[in-house]
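Trainee: First the structure, which I've put down as structure tokens, then a few questions once you've had a look.
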Amino acid sequence: MGNDSYYNRIIGTPYGYLGGERVVQVKSDNAPKEDVLRRLKKIEGQVKGLQRMVDQDKYCVDILIQIAAVRAAINKVGVLIVESHSRECLMRAVEENRQDESVEELVSVLAKFMK
0 MGNDSYYNRI IGTPYGYLGG ERVVQVKSDN APKEDVLRRL KKIEGQVKGL QRMVDQDKYC
60 VDILIQIAAV RAAINKVGVL IVESHSRECL MRAVEENRQD ESVEELVSVL AKFMK
């Protein structure tokens, strides 16, 4: 990887490591989950807004623009979940020497997500 400090700044401290020493890390950070839930609530509001737009016979171009916004927001939630899953599961797989199995699972998940 070259420069560890560069890697840590860009990617973050690898799971299970702190300052170059292996540590047991208890995950207490719910930031990804909270971010996903916050985004899903926003999407829920957007969908309700779409329902109102249809009910009120709003201009179809405006409705389509809002549909595109909802689709983009849903895709972003999916990306966040894939990122979180990848980091957690791949790091655990490396620790347990199951990289091949984990990579295959990730490829399968990405193929399903990108359909």
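Count the sequence shown with numbering that gives the first Met the number 0 and you get residues 0 to 114, in order.
Note that beta-carbon positions come from the ideal geometry of N, C-alpha and C, so glycine has one too.
Could you tell me the alpha carbon to alpha carbon distance between GLU100 and GLN55, rounded to whole angstroms?
Mentor: Within the sequence shown, residue 100 is the residue found at index 101, counting from 1. Within the sequence shown, residue 55 is the residue found at index 56, counting from 1. Cα to Cα, GLU100 sits roughly 51 Å from GLN55.
Trainee: Please go through the same chain and pick out, in chain order, the residues whose beta-carbon is closer than 7 Å to the beta-carbon of ARG38, but skip the five residues on each side of it.
Mentor: Residue numbering aside, residue 38 sits at position 39 when the sequence shown is read from its first letter. ALA72, LYS75, VAL76, listed in sequence order.
Trainee: Is there contact between the segment 77-84 and the segment 101-112, where contact requires at least three CB pairs shorter than 8 Å?
Mentor: Output reads yes: the segment 101-112 touches the segment 77-84.
Trainee: When you compare only the Cα positions, how much space is there between VAL53 and CYS59?
Mentor: What you label residue 53 is simply residue 54 of the sequence shown in a count that begins at 1. What you label residue 59 is simply residue 60 of the sequence shown in a count that begins at 1. The alpha-carbon atoms of VAL53 and CYS59 are separated by roughly 8 Å.
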